[in-house]
Amino acid sequence: MSFDSRTQIPKTGFIKSRHLDDKSSVTMIIGLLKKLKHNDATTYNTILHF
Numbered sequence: 002m003s004f005d006s007r008t009q010i011p012k013t014g015f016i017k018s019r020h021l022d023d024k025s026s027v028t029m030i031i032g033l034l035k036k037l038k039h040n041d042a043t044t045y046n047t048i049l050h051f
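Taking my numbering, the leading residue of the sequence shown gets 2, the next gets one more, and so forth.
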């Protein structure tokens, strides 16, 4: 866990942050899980046989 992401916003407008991509990924996964729960989606069980 990091509390100092060393965020920089240069004159170009791009945000530079060490953990911005991880936070975005977690946000997308949580949003997907909420959507699945809200729509009562059924999941498939996958069984792999080797």
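Glycine included, every Cβ here is placed at the ideal spot set by N, Cα and C.
_Using only the alpha-carbon positions, how far apart do Ser26 and Thr47 sit?_
24 Å
*asked:* Quick check: Ile16 and Thr8, are their CB atoms within less than 8 Å of each other?
replied: yes
*asked:* What does the alpha-carbon distance come out to for the pair Leu34 and Asp23?
replied: 17 Å
*Can you tell me whether DSSP reads Lys17 as helix, strand or coil?*
strand
*Just the Cα atoms here: how many angstroms apart are Thr43 and His50?*
22 Å
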